[in-house]
Amino acid sequence: MTTCRQIFDDAKNLLVTGKVSESIKAFTNAISCGERSDLAYLSRGVAYLKDHQGKKAIDDFTEVVKMN
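For the record, in the sequence shown the residue sitting at position 17 is 17 according to this note's numbering, with numbers rising by one throughout.
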């Protein structure tokens with residue numbers, strides 16, 4: 001059984017290897033599953049930026065600020 005943390009780690013690997021769209025989906029799955037850390041939102045925000053989705057990136061970065 002895959003854990004939320006494993007999904008998050010897979011998402012990070014996808015982002016590092018340039019699979020941005022896939023990483024966004026994986027970060028979203030990790031967040032939905034319970035990996036609701038500031039790092040998960042920050043990482044997905046970076047992926048959104050790389051995918052030229054500035055509004056969504058700002059939303060995720062705002063969530064990080066709220067957490068901290």
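The C-beta atom is built at its ideal place from N, Cα and C for all residues, glycine as well.
Following the DSSP letters along the chain, one finds residue 35 in no alpha helix (DSSP H), marked with neither H nor E. By the Cβ neighbour-count rule, residue 44 is buried, with 16 or more other Cβ atoms within 10 Å of its own. Between the alpha carbons of residue 46 and residue 32 lies a gap of roughly 18 Å. Proximity to residue 50 across 9, 13 and 21 peaks at 21, based on C-alpha coordinates. Going by DSSP, residue 67 is part of the alpha helix (DSSP H) stretching over 54-67. By the Cβ-count criterion, residue 24 is buried, with 16 or more other Cβ atoms from all chains shown falling within 10 Å of its own Cβ. Shown here, residue 18 sits in coil according to DSSP, grouped into three states, outside any helix or strand.
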